[in-house]
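Q: Letter by letter, the sequence shown follows residues -20 to -1, 1 to 125 of mature numbering (1 follows the signal peptide of the UniProt record, and there is no 0).
Glycine included, every Cβ here is placed at the ideal spot set by N, Cα and C.
Here's a structure for you.
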Amino acid sequence: MNLRLPMFLISCFTFSNALAAACDVYTHSQSDQVPVVEQHTCYTYEGVPSDAIDWSCSNENKDMTNTKKTKIAQCAGDYTASCKATLTQEALANPHATAKVPGHAGAMLPSNAGVVTYHYAAQDLKQAKIDCEKDGGQWTWQSAQ
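Laid out in structure tokens, this is it:
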């Protein structure tokens, strides 16, 4: 049996996943009763290995929102705003969990570990800004607001 083709396909898949250092996220509500702050975001981690994003970019979701996550090489540059925050152990599984207890360094993460979330489309970017800053993040508008 010729193993070249299966090995080639496996190596292509492995290589393409190795390049995936960002997570593109599309979210919409499953109910009109559940508001959605974010509709399209992309996030990336800084100061940690690129495969650290694997767990948080899985499509497991138990919220009242329908979320599709896709690992990509990098986030697109045409974002409206961004939130840069300290990466915590919890944020490795949940990119919204960026708050850090003052004086607590967190377990086994480099001091320069961070998460950057890029916002492309949202019903309420002002609320996303409030959430970012409340959790200790730094909000930046890309265009005039």
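Count the other CB atoms within 10 Å of the CB of residue 130; is the residue buried (16 or more) or exposed (fewer)?
A: Any property of residue 130 remains undetermined from this structure, which presents the chain solely from -20 to 125.
Q: Look at the alpha carbon of V28 and the alpha carbon of C112, and state the distance between them as a whole number of angstroms.
A: Cα to Cα, the separation comes out at about 21 Å.
Q: Let me confirm a value: I33 is counted as buried when at least 16 other C-beta atoms fall within 10 Å, else exposed. Which label applies?
A: Buried, because 16 or more other Cβ atoms sit within 10 Å of the Cβ of I33.
Q: Which of the three DSSP states is assigned to A102 in this structure?
A: Correct three-state label for A102: coil.
Q: What's the C-alpha gap between Q118 and K106?
A: Rounded to the nearest angstrom, the two C-alpha atoms are 13 Å apart.
Q: If you compare alpha carbons, which of H8, C22 and S9 is closest to V96?
A: The residue with the shortest Cα to Cα distance from V96 is C22.
Q: What whole-angstrom Cβ distance do D49 and C63 have, given they're in contact under 8 Å?
A: A small correction: the amino acid at residue 49 is Lys; Asp does not occupy that position in the sequence shown. K49 to C63, Cβ: 17 Å. No contact.
Q: Taking all protein chains shown into account, do 16 or more other C-beta atoms lie within 10 angstroms of the C-beta of G57, making it buried, or fewer, making it exposed?
A: Its Cβ having fewer than 16 others within 10 Å, G57 is exposed.
Q: Going by DSSP, name the residue or residues bridged to T66.
A: Answer is G94.
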